[in-house]
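Let me begin by presenting the structure, written as structure tokens, before commenting on it.
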Amino acid sequence: MDQQQDQLWTKGFLGITLCGFLLFLNLQMLISSLPAYLKEQFQASDFSIGVITGLFALSSVAARLFAGRPGQKESMGRLLFLGLFIAWIATAGTYWCHALIAILGIRMVYGFGFGVASTVLPTMASNRVPLARMGEGMGYFGFSNTLGLSVGPLIGMYLLANYGFGTLTAAASIVLLLIFPIIYGVLPGASTMATGAVRGKSSQGNTYFSRKLVLPAILNMLLSITYSGLIGFIALFGLQRNIEGVGSFFLVQSLMVLLIRPFAGKIFDRRGPVAAVIPGGFLVMLGVIFLSYSDRLLELILSAVVYGCGYGMIQPSIQAWMIKEVSADERGIANGMFYNSIDAGVALGSILLGVLASGVGYGLMYRLSSLFMALFLLIFGLSIMLTRHRNKVTQNM
């Protein structure tokens, strides 16, 4: 009986994990290819491209607040189908948008659908994982998302370059359609809570925010600003520098994240966030600077290795840090603030870096974006000094 309760690879967990892969595959097939299409088809400015990406991310934030409200557990299946249906309609409808304002509107609609689906799926996955194996199970679920993020840009850019935007949107729509029969097959019981799971509502009654998480959320947002420059402009940067195969940047970066994550986790567990976050911050900053000077594919891939190592050290550490800062019944708040800080960084970064790219070009824009990591290190360093000062004062009292 205990062995059955501790079983991880059930039909339900496998199905939901596969759905996570397909959802993030769909996301990256479009989001990484859309800037090049908008530039060619509509002669869109870098600012316009940044606004479209930024408002998509803000729409996802709003959707997460909606999907993560208290009392939603019983309706998770309906919420998931709603989010997937909205995202599918928006994916297919992108092909028939013949003006930038229409693209902007349909991407905001997509952002809402994606935000709902990407909030419900991890919750459903965690509900199918035995509590004793929660870390292991959610690690595998996270791996499926990362896999989608890594191969999506390669597939999307290849389809756009060789078969056109119509084929790209059709393929991305089919990817989302594949989720519906899988979810229908595993849905019975998928939205029930795991035995012994805690309630998601905070003991303070605030289901969205915790002051203890402000610092790591700000750091996560600054990190995500640099990432917004990659998803928003790396395809255009490659065209400008005549670098073919720029989609390989995301594949190499994701592989490095997967390789470095276990070591970063051990460093965090043994020595805390300082030992992982500070070196990771320097690596991300160097990776962006290396990228800005890249003129060949090999140089681009080397920058992806450096950036991926830093990103893989920082982001899992920040998520673990946020979860450790709160009580068990506030973990829903921690996860919500973690993902919303990512979307906030992508939204803010897409708009700010779009303005910079329009004025100074992509190379200098990437170099300037590295300053956000300098600010990241400054804020974190000051927080460490303040914490040590407070501890010293407390000990002397």
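For the sequence shown, our numbering gives the first residue as 19, with consecutive numbering after it. For each residue, glycine too, the CB sits at the ideal point set by N, CA and C. All values reported here derive from a predicted model rather than from experimental measurement.
Simplified DSSP assignment, three categories, for residue i
i, result
"R82", "helix"
"T412", "helix"
"S272", "helix"
"W339", "helix"
"Y357", "helix"
"Q25", "coil"
"G218", "Residue confidence for G218 is low, a pLDDT of 42 falling below 50, so the modelled location carries little weight; the figure read from the coordinates is stated next. Reduced to three states, the DSSP call for G218 is coil."
"H407", "helix"
"G263", "coil"
"D287", "helix"
"S63", "coil"
"G182", "coil"
"R279", "helix"
"S376", "helix"
"S345", "coil"
"T213", "Only weak support exists for where T213 lies, its pLDDT of 41 falling under 50; the value from the coordinates is given anyway. Looking at T213 - three-state DSSP - the assignment turns out to be coil, as it is neither helix nor strand."
"Y311", "coil"
Proximity below 8 Å, CB of residue i to CB of residue j
i, j, result
"I336", "V302", "no"
"P171", "F268", "yes"
"L43", "I197", "no"
"R385", "P334", "no"
"S312", "L304", "no"
"I261", "L186", "no"
"A110", "S51", "no"
"Y55", "L167", "no"
"F132", "L36", "no"
"A135", "A105", "yes"
Nearest to residue i (by Cα), restricted to the options the options
i, options, result
"V18", "V169, G290 and G354", "The shown model of the chain, from 19 to 415, leaves out residue 18, and the question about it has no answer."
"V232", "P297, V323, L48 and G354", "G354"
"L276", "C327, S310, S246 and S312", "C327"
"W339", "A117, N238 and E317", "N238"
"G290", "K342, E262 and M274", "K342"
"L419", "A362, G399 and R406", "There is simply no residue 419 to check, as the chain begins at 19 and stops at 415 in what is shown."
"S388", "D287, F281, L241 and L73", "L241"
"F60", "I49, I104, W106 and L118", "L118"
"A282", "S272, Q271, G298 and L273", "G298"
"G30", "V134, G131, P148 and L320", "P148"
"R259", "L309, Y325 and L395", "L309"
"Q25", "N145, I200, G184 and F183", "N145"
Segment limits, alpha helix (DSSP H) that includes residue i
i, result
"C37", "K29 to I49"
"G250", "V232 to R259"
"Y7", "Look at the range of the chain in this structure, 19 to 415, and you will see that residue 7 is not part of it."
"R229", "Counting along the chain, R229 falls outside any alpha helix (DSSP H), and DSSP gives it neither H nor E."
"A106", "The sequence given here has Trp at residue 106, not Ala. Taken as a continuous stretch (DSSP letters only), the alpha helix (DSSP H) holding W106 covers M94 to G111."
"A117", "Note, A117: premise wrong, no alpha helix (DSSP H); not H, not E."
"P199", "I197 to V204"
Chain C within 8 Å of residue i, Cβ atoms only
i, result
"R96", "In the displayed structure, chain C is absent; only one protein chain is listed."
Any non-hydrogen atom of the ligand GDP within 7 Å of residue i CB
i, result
"I278", "By its list of ligands, the structure shown contains no ligand whatsoever, and the ligand GDP lies outside what it can speak to."
Closer than 8 Å is the cut-off here; do at least three beta carbon pairs connect the region 119-130 with the region 68-76? yes
Using 8 Å as the Cβ pair cut-off and three pairs as the minimum, do the region 374-382 and the region 250-257 touch? yes
Can you confirm whether the region 96-105 touches the region 49-69 when touching is taken to mean that 3 or more C-beta pairs between the two stretches lie within less than 8 Å? no
Hey, is the region 239-248 in contact with the region 366-373, meaning 3+ C-beta pairs nearer than 8 Å? The region 239-248 vs the region 366-373: in contact.
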